[in-house]
Amino acid sequence: MTVIESKAADPKLAEGKAPPSGLSEFWFYFSRNKGAVIGLVIFLIILFVAIFAPFVAPHSPSVQNRDMLLVPPVWQAGGNWGHILGTDAVGRDILSRLIYGARFSLFIGLVVVTLSVISGVLIGLVAGYFRGRVDTFIMRIMDIILAFPSLLLALVLVAVLGPGLLNAMIAISLVNQPHFVRLTRAAVMTERTKDYVVGSKVAGAGTLRLMFLTILPNCLAPLIVQATLAFSAAILDAAALGFLGMGAQPPTPEWGTMLAEAREFIQRAWWVVTFPGLAILITVLAINLMGDGLRDALDPKLKRS
Amino acid sequence: MLRFILGRLAVLIPTFIGVSIIAFSFIRLLPGDPVMLMSGERVMSPERHAELMNQLGLDRPMYAQYLDYLGGLLTGDFGSSIVTKRPVLDDFMQLFPATLELSLCAIILAVCLGIPAGVLAAVKRGSWIDQTVMGAALVGYSMPIFWWGLLLIIFFSGYLGWTPVSGRISLMYFFPPVTGFMLIDSLLSGQAGAFKSAVSYLILPTIVLATIPLAVIARQTRSAMLEVLGEDYVRTARSKGLAPLRVVGVHALRNAMIPVITTIGLQVGVLLAGAILTETIFSWPGIGKWMVDSVFKRDYAVVQGGLMLIAGVIMLVNLIVDLLYGFINPRIRH
Amino acid sequence: MKKLTTLLAATALASMMASAAWSKTLVYCSEGSPEGFDPGMYTAGTTFDASSRTVYNRLVEFKHGSTEIEPGLAESWTVSDDGTVYTFKLRPGVKFQTTEFFTPTRELNADDVIFSFERQYKEDNKWNKYVAGASWEYFAGMGFPELIKSIEKVDDLTVKFTLNRPEAPFLANLGMDFASILSKEYADKLEADGKMELMNQQPLGTGPYTFVAYQADAAIRYKANPDYWGGAQKIDDLVFAITTDAAVRAQKLKAGECHIMPYPNAADVSGLKEDPNLTVLEQEGLNVAYLAYNTLVAPFDKVEVRKALNMAVNKQAIVDAVFQGAATVAKNPIPPTMWSYNDAVEDDKYDPEAAKKMLEDAGVSGLKMKIWAMPVARPYMLNARRAAELMQADLAKIGVEVEIVSYEWAEYLKLSSDKNRDGAVILGWTGDNGDPDNFLDTLLGCDAVGGNNRAQWCNKEFDDLMTKAKATADVAERTKYYEEAQVIFKKEAPWNTIDHSLVAVPMNKKVTGFVMDPLGIHRFDGVDIAE
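Chains as they are written, first to last, in the UniProt record's numbering: chain A, 1 to 305; chain B, 1 to 334; chain C, 1 to 531.
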């Protein structure tokens with residue numbers, strides 16, 4: 001997802017900075033980072049699995065096989081090939097639940113990033129462009145949000161809205177969004193006084209045009225990097241909320257929720273605890289690897305060194 | 001300098017009022033009412049319900065409740081828990097040292113391991129050392145720490161039996177809290193083995209809580225070092241033939257530290273968020289667990305007061321970091 | 001004040017240290033922090049274990065491991081013929097505990113008893129609101145404010161309770177935690193010192209253990225009360241190690257960090273049983289989980305429909321999946337450990353085919369219904385969501401489409417009492433005092449419709465039996481009424497009775513004298529550790 005976005009963004013980058021060829025230069029720097037390429041590949045696999053979950057998964061994620069409770073993974077005594085990663089307490093296939101869980105995690109990341117980027121960028125643009133009282137007011141509110149530990153604020157928000165996946169996503173977007181506001185605002189403030197902006201202004205460009213078409217494209221690079229970070233953070237936060245019982249509700253095969261459900265089996269069935277966490281780690285790691293690659297490719301300061 | 005400090009403080013006041021409004025209104029918006037929860041499955045008569053709502057002041061207009069609350073805050077009254085009926089501030093004061101102790105240990109661990117690792121990675125840029133360190137840092141940075149904690153418990157406590165499962169110190173030891181820091185108190189108590197016990201209880205939670213800050217600090221140190229190592233004066237120093245260790249240790253590290261210190265300051269919020277999960281997993285009697293429990297118990301007053309106090313702590317730490325930064329780097333002041 | 005407590009604790013420590021050489025310590029991994037130490041204000045068993053059952057006594061006590069009452073602080077009592085006047089003779093020579101924070105100068109007398117009750121309902125009593133938000137939930141919940149006309153001191157060792165109406169369960173109610181007897185002398189001293197809130201932080205009573213210290217969310221420490229009227233305890237120190245996570249409790253027990261733990265995860269029980277150092281006591285809890293139909297709403301107003309739905313659900317499967325077998329399928333609304341349990345009642349047999357036919361015969365087809373699943377785990381239902389899913393699957397087999405709904409817990413409790421509620425609700429009950437009235441009338445009586453009676457079920461015949469049973473103190477006669485009531489209940493099927501959970505208490509084999517309590521409390525008087 002992020003990749004598509006960044007590629008789409010690239011021609012616009014080219015417009016502002018005019019390097020030889022945006023896309024190929026981007027790929028040159030991105031592919032130089034081995035980790036990023038590995039991350040991309042893993043991410044694509046997860047994406048594929050998530051999209052085609054009904055075809056990939058060996059079982060339904062919700063069907064309970066009451067004869068097969070807490071079956072260990074295949075390589076352990078008592079495991080069988082029907083359930084490669086074993087089954088949980090009500091006989092559901094863990095691998096299938098993890099596969100379907102990928103859908104939720106990626107979906108959460110996507111929704112949270114979209115929500116927080118759109119709202120954050122809009123607010124940041126307004127604050128950075130207009131300055132003055134509007135700016136002070138907005139930044140004060142952001143300060144207030146940032147004064148709380150993000151997870152705690154999200155937890156309380158979800159408690160207010162009612163536990164559930166949708167509300168968890170809204171809460172996480174809200175606590176994530178100040179980062180985008182600050183970033184956009186800072187970028188806009190530096191760009192605002194530059195010649196090309198002043199030029200457009202003199203040429204009679206309207207406020208909206210200036211904000212969205214002239215300034216915004218030139219602030220994209222840090223935003224994309226931040227968006228990647230926010231994507232992985234959202235997955236982690238949603239899983240944490242699920243783990244605390246405030247995110248997706250059982251029997252949703254969301255990874256954090258699965259972990260919370262599995263906690264009571266920590267002594268008896270290590271596999272129900274281990275695999276969901278591993279899935280979270282791998283996904284987040286892949287995205288962060290990509291994020292590093294994107295930063296290398298997009299951040300001119302690091303390119304130089 | 002004084003103007004700088006006053007300016008920062010002036011910003012703090014509206015923020016604090018905003019925080020109080022948020023904390024206050026959130027809690028009023030919670031579905032379900034705490035009075036219902038007090039009686040559980042047993043249904044209460046409407047009269048009794050109304051009586052209790054009245055007693056707790058929950059039937060008054062919102063603004064009146066808020067003004068009362070604000071008035072209370074000014075006199076240090078953060079309300080009383082609906083469940084335990086104890087003042088929120090008392091509970092906070094009692095539990096905060098546990099969180100602080102854990103957080104301090106975690107940040108010390110993160111700094112002591114993270115900075116050398118980052119410096120090493122930067123100096124050996126591109127080598128296998130660099131790759132290993134940065135790989136590990138990225139894994140740490142991506143870690144769902146609640147799962148990490150469970151894994152450590154399964155392995156170290158369950159399988160190996162090396163560390164205790166949860167708590168702060170073995171129950172064999174009992175001494176009055178003097179500082180609230182178990183490590184210090186156990187030493188003060190003079191009881192043989194108490195300190196060792198406290199350490200053994202602290203190890204796993206510290207590792208779990210330190211994981212993310214450690215990764216962040218290592219990464220930040222590396223990139224700051226790389227930047228400084230690329231600067232002209234370092235190159236000059238190198239070309240003058242100064243010993244590499246001296247170059248790295250004295251010239252580069254000192255300058256690379258400024259952004260790293262900011263990063264460390266920024267970890268306070270991360271630590272408190274992490275404390276929520278870590279304390280829940282290890283039954284660590286600190287404010288993170290206290291808040292989670294209170295959210296689940298719908299203990300209005302505690303969630304509200306706790307939010308305020310925690311936000312207050314974060315704001316205070318940020319202020320101190322700001323001031324320190326302004327002190328080190330006078331350019332910021334203007 | 002902080003300083004003072006520290007100092008007090010320090011002296012407490014010194015005295016503990018002095019005896020450390022031969023002190024015998026029992027560690028109990030408790031499941032949560034007590035809400036406070038004044039049992040009158042709270043309703044949680046966790047709080048009672050830590051206060052009323054260790055530090056305090058009541059006029060009457062439940063026999064160890066039973067719901068029968070026996071003399072406690074009252075040596076004997078008489079009931080007037082009309083059942084409204086109870087006169088208690090107090091046990092002479094009962095000493096209050098001597099602690100670092102208080103030394104009593106007199107023994108238990110009628111003033112203490114009167115104080116303990118009056119503070120809970122007399123609004124002019126200074127102790128009625130001694131901490132912000134003080135409320136007396138159980139006292140109010142058991143209907144005491146309306147029931148009690150007066151409490152009078154006849155002489156130093158005689159107290160007379162006058163009731164507004166006869167109430168057979170009254171004696172059993174006096175054995176409950178909220179009826180614990182506090183020291184008026186201690187209260188007066190706290191009041192004089194202006195530290196009334198300490199009553200809830202440093203309890204002092206007549207019970208087997210003396211409170212030493214509470215380390216917030218970590219541990220509670222007690223030592224044996226040498227002056228206990230029931231005889232000295234065999235252990236010297238009692239420690240509650242607060243451990244909220246059941247899996248962690250189990251690990252601590254295995255590691256020898258504690259001797260007894262309550263509420264193990266159902267999944268862990270078999271593993272704990274295999275451990276050679278541990279034994280696991282098991283007993284049916286004094287509880288029931290049920291699925292209550294709304295009998296006021298069509299088609300659930302028809303008995304046949306309710307019966308058919310009952311027959312379609314495989315309850316054994318629920319017990320297996322939710323409790324890993326640590327529960328028994330329920331057929332009556334009261335648990336088997338309770339007197340008057342009617343074992344002759346036959347449960348609706350699991351038979352999907354017959355159920356389907358019955359539903360068709362009742363003229364119901366394409367039925368869509370909601371099942372409410374509680375959002376929290378309770379002892380009688382560890383995972384309502386999982387149970388609801390199983391019911392959903394079972395009911396689908398007879399062509400009933402089930403939608404599972406849930407609400408936040410407080411909302412759930414409130415909305416589920418609504419007479420117009422849409423859907424059947426999973427809920428349960430844990431007994432307070434071992435009296436069948438506490439289940440049958442509280443949950444199924446006509447007065448409780450729109451309240452605790454989640455089935456909104458009002459049956460004249462059943463209700464008459466309840467009234468009759470309440471009016472007499474003769475247990476044999478009451479048993480007869482309650483047994484008959486259970487037959488009517490089964491015939492009318494306002495609920496599908498789901499399960500009575502098994503309460504398990506795993507403990508170290510060295511522990512002796514611990515008895516499971518049907519009321520779900522954990523008592524440590526008489527417990528010993530073998531060397």
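Positions of the beta carbon are idealized from the N, C-alpha and C atoms, including for glycine.
Predicted model only: the values in this text are computed from it and were never measured.
Residues near residue i in its chain [Cβ-Cβ closer than 6 Å; skip 5 each side]
i: G526(C); result: G513
i: L183(B); result: A198
i: D135(A); result: A127
i: L367(C); result: V400
i: G265(B); result: V321
Sequence-distant residues of the same chain with beta carbon closer than 8 Å to residue i, five excluded per side
i: E35(C); result: M41, Y42, A44, T46, T47
i: I148(C); result: F117, Y121, F161, T162, L163, N164
i: L109(B); result: T206, I207, A210, L214
Cβ of residue i within 8 Å of any chain B Cβ
i: W270(A); result: yes
Closest by C-alpha distance to residue i, when choosing among the options
i: S20(B); options: L70(B), I169(B), L6(B); result: L70(B)
i: V319(C); options: G256(C), L204(C), D499(C); result: D499(C)
i: F92(B); options: D217(C), E167(C), A187(C); result: D217(C)
i: Q131(B); options: F26(B), L277(B), G241(B), R219(B); result: R219(B)
i: W271(A); options: M134(B), L150(B), L102(B); result: L150(B)
Cβ of residue i within 8 Å of any chain C Cβ
i: A89(A); result: yes
i: F174(B); result: yes
i: I215(A); result: no
i: S200(B); result: no
i: G242(A); result: no
i: G162(A); result: yes
i: I266(A); result: yes
i: S166(B); result: yes
i: H334(B); result: Note on H334(B): pLDDT 46, under 50, position unreliable in the model; no value is reported.
7 Å CB neighbourhood of residue i in its chain, flanking five on each side removed
i: D528(C); result: K234, I235, T512, G513
i: residue 368(A); result: No answer is possible for residue 368(A): the residues shown for chain A start at 1 and end at 305.
i: D112(C); result: I181, L182, S183, K184
Within-8 Å CB hit, residue i to chain A
i: N265(C); result: yes
i: Q392(C); result: no
i: F156(B); result: no
i: Q251(C); result: yes
i: W147(B); result: yes
i: A21(C); result: Its pLDDT being 41, under 50, A21(C) is placed unreliably by the model, and nothing is read from it.
i: I5(B); result: no
i: S142(B); result: yes
i: G118(B); result: no
Any chain D beta carbon closer than 8 Å to residue i
i: R66(A); result: No chain D is present in this structure, whose protein chains are A, B and C.
task = Return the residues of the stretch 467-495 of chain C that lie within a Cβ-Cβ distance of less than 7 Å from chain B, sorted by chain order.
result = The residues in question: there are none.
request  = Pair every Cβ in the stretch 159-168 of chain B with every Cβ in the stretch 250-260 of chain C, then say whether three or more of these pairs are closer than 8 Å.
outcome  = Yes, the stretch 159-168 of chain B is in contact with the stretch 250-260 of chain C.
message = Output needed in chain order: residues of the stretch 295-325 of chain B with a Cβ under 9 Å from some Cβ in chain A.
response = Along the stretch 295-325 of chain B, going in chain order, the ones with a CB nearer than 9 Å to a CB of chain A are V295, F296, R298, V303, G306, L307, I310, A311, G312, I314, M315, N318.
request  = Report yes or no: do three or more beta-carbon pairs, one from the stretch 448-465 of chain C and one from the stretch 286-301 of chain C, lie closer than 8 Å?
outcome  = Counting Cβ pairs under 8 Å, three or more are found: they touch.
message = Three Cβ pairs or more, each shorter than 8 Å: is that satisfied between the stretch 58-74 of chain B and the stretch 170-178 of chain B?
response = The answer is no - the stretch 170-178 of chain B does not touch the stretch 58-74 of chain B, with fewer than three Cβ pairs under 8 Å.
message = If contact is defined by three or more beta carbon pairs under 8 Å, each pair taking one atom from either stretch, is the stretch 34-43 of chain A in contact with the stretch 90-97 of chain A?
response = No, because fewer than three Cβ pairs between the stretch 90-97 of chain A and the stretch 34-43 of chain A fall closer than 8 Å, the two stretches do not touch.
Contact between the stretch 163-175 of chain A and the stretch 110-123 of chain A (3+ Cβ pairs under 8 Å) = Touching, yes.
request  = Could you run through the stretch 199-223 of chain C and flag, in chain order, every residue whose CB is less than 8 Å away from some CB of chain A?
outcome  = Result list empty, no residue passes.
query = Taking Cβ-Cβ distances below 7 Å as the criterion, which residues of the stretch 260-286 of chain B are in contact with chain C?
reply = Close to chain C, meaning a Cβ-Cβ distance shorter than 7 Å, are the following residues of the stretch 260-286 of chain B: S283, P285.
query = Going along the stretch 376-389 of chain C in order, which residues come within less than 7 Å of chain A, judged by CB to CB distance?
reply = Those residues of the stretch 376-389 of chain C placed with their C-beta closer than 7 Å to a C-beta in chain A are R385, R386, E389, ordered along the chain.
inquiry  = Under 7 Å, CB to CB, which of the residues in the stretch 408-419 of chain C have a partner in chain B?
reply    = Listed in sequence order: E408, W409, A410, E411, L413, K414, S417.
Cβ contact check for the stretch 138-153 of chain A and the stretch 295-311 of chain B: 3 or more pairs under 8 Å = When Cβ pairs closer than 8 Å are counted between the two stretches, the stretch 138-153 of chain A is seen to touch the stretch 295-311 of chain B, the count reaching three or more.
query = Is the stretch 397-415 of chain C in contact with the stretch 260-274 of chain C, if contact means three or more CB pairs nearer than 8 Å?
reply = As far as the Cβ criterion goes, the stretch 397-415 of chain C does not touch the stretch 260-274 of chain C, which means the pair count is below three.
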